[in-house]
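Using my numbering, count along the sequence shown one by one with no gaps and you end on 855. Here's the structure we're looking at; comments come further down.
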Amino acid sequence: MDSELEAFIPLIPRADFSDPVAARKNLAGLAASVPAADTSDMEIEDRTVPGDPEVPVRIYRPRGARGAVVWMHGGGWVMGDVDTEHPWASRIAESSGEVVISVGYRLAPEHPCPAALDDAYAVLNWAAEHAADLGVEPERIAVGGHSAGAGLAAAVALRARDRQGPAIRFQLLNQPGLDDRQATWSARQFTDTPWMTRGKVTEAWRHYLGGAQATPYAAPSRADDVAGLPPAYIATAEFCPNRDEGIEYALRLLRAGVPVELHQWAGTFHGSQALLSADVSRRQNAELGAALRRGLAG
């Protein structure tokens, strides 16, 4: 484990998803203590996007942006919103120079799958239709997210491909949650790693699936065919239950002819990039912005 990160482990709260309301309150408190990026050179707007129901979004528009990412927050599909994601969405906008559309999708267990996916897909369609209003080029729209949000982004890409929906230029998948089966080596070995434990992953999937059978649109690792998906940047953390499902998904994309950049961050754990004082965290956060900028360039 990275020595700077290891020093924080005793301070990390032992949260779980057995009480979603309490988990949401705890996350809101943690997020409020994290400083946002410098937003002086961008416009920030809260609005709602048409859907069934309407979807709240927060839009970050850096000056001179040409592309946009439809961005899904983490939180195990159970917690998080545009407010708790503000420190991270603002960082990605600042470091990439691209528009970030942060999606306040509906949460489980009150709204199990496919509610969150429907919300994210509605925002993708809206972004494609309103690219000119956003000040971006319609061929420069990406999807991305952290953790559960990265799994949602991958699912949006699958649905867009299968429905011949809006063209997606790029996928930015940070520590994605992709596989409900928890059968990989890392899922079986990393049962009590910081922040993300096997029990917490199990609870998250139980809430999200709501008793239904997982489909590829819920758990993208279940997709039989990943050909024709957008180029991807996939980042994984060494001590993370999700690590191997992210790496295996990257390999499957590569074998299907999809360009992939895979970055396995040594010495890190799930969500450790939130510890901003660590050098590796600063590099991780900067790299997400740089990867988005590269993915939307050309």
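Cβ atoms here follow ideal geometry from the backbone N, Cα and C, with glycine treated the same way.
Assigned secondary structure, residue i (DSSP; H/G/I helix, E/B strand, else coil)
i	result
N799	coil
A823	strand
A646	helix
V639	coil
V693	coil
G706	helix
W634	coil
G846	helix
A853	Checking the sequence, you will find Leu at residue 853 rather than Ala. Correct three-state label for L853: coil.
R812	helix
L715	helix
S652	helix
R840	helix
E833	A small correction: the amino acid at residue 833 is Leu; Glu does not occupy that position in the sequence shown. Three-state DSSP puts L833 in coil, outside helix and strand.
E805	helix
E686	helix
Y662	coil
Spatially closest choice to residue i from the options, by CA coordinates
i	options	result
L819	E844, T748, M599 and L833	E844
V693	F565, I616, T596 and A705	I616
G608	R623, R581 and R663	R663
L786	L832, K757, L562 and Q728	Q728
P695	A673, E805 and E655	E655
A677	V657, A710 and S652	A710
V815	H827, S834, I601 and I791	I791
R840	S652, T772 and A744	S652
G702	V783, A673 and P567	A673
L681	Y765, E600, L849 and R716	R716
V660	D640, D782, E667 and E561	D640
I698	S575, P733 and I725	I725
W742	P644, F796 and V591	F796
C670	P773, V837, N842 and R718	P773
A848	R648, L562, A705 and A589	R648
A679	A689, S704 and A712	A712
E600	P610, L691 and P567	L691
S544	L832, L811, G846 and A689	The structure shown does not extend to residue 544, since the chain is modelled only from 558 to 855, so the question has no answer here.
P733	H630, A823, E667 and D749	H630
T605	Q721, A564, W683 and G846	W683
A813	A585, A784 and R800	A784
W634	A780, R850, D737 and N842	D737
D595	R618, T759, Q770 and N799	R618
V817	D603, A823 and G803	G803
D603	A646, L587, A769 and N583	A646
N842	N731, A572, T759 and G824	N731
W880	V578, D675 and A707	Past the boundaries of the shown model lies residue 880; the chain is included only from 558 to 855, so the question cannot be answered.
E686	G632, E642 and P723	P723
Beta bridge counterpart(s) of residue i as assigned by DSSP
i	result
V857	Limits of the chain in this structure are 558 at one end and 855 at the other, which puts residue 857 out of reach.
V700	V627 and Q728
E818	Y790
V612	V606
Supposed contact pair residue j and residue i - C-beta distance, whole angstroms, cut 8 Å
i	j	result
V626	V700	7 Å
R620	L853	Actually they do not touch by this definition, with Cβ atoms about 16 Å apart.
T793	Q830	Incorrect: roughly 12 Å between the Cβ atoms, too far for contact.
V657	A650	4 Å
Y806	P777	7 Å
P570	P644	About 17 Å; that fails the 8 Å criterion.
H827	T750	7 Å
A761	F574	6 Å
A689	M636	Between M636 and A689 the Cβ distance is about 34 Å, and since that is not below 8 Å, they are no contact.
A744	D801	7 Å
P798	R851	About 28 Å separates the two Cβ atoms, so there is no contact after all.
Cβ of residue i within 8 Å of any chain B Cβ
i	result
R738	Looking for chain B here will not work: only one protein chain is present.
Residue i CB to nearest heavy atom of the ligand MN below 7 Å
i	result
A854	In terms of ligand content, the structure shown is empty, and the ligand MN therefore cannot be addressed.
Please go through the region 729-796 and give each complete alpha helix (DSSP H) segment of 4 or more residues, from N-terminal end onward. Correct list: 742-746 and 755-766.
Which residue spans inside the region 558-605 form an unbroken alpha helix (DSSP H) run of at least 4? 560-563 and 577-589
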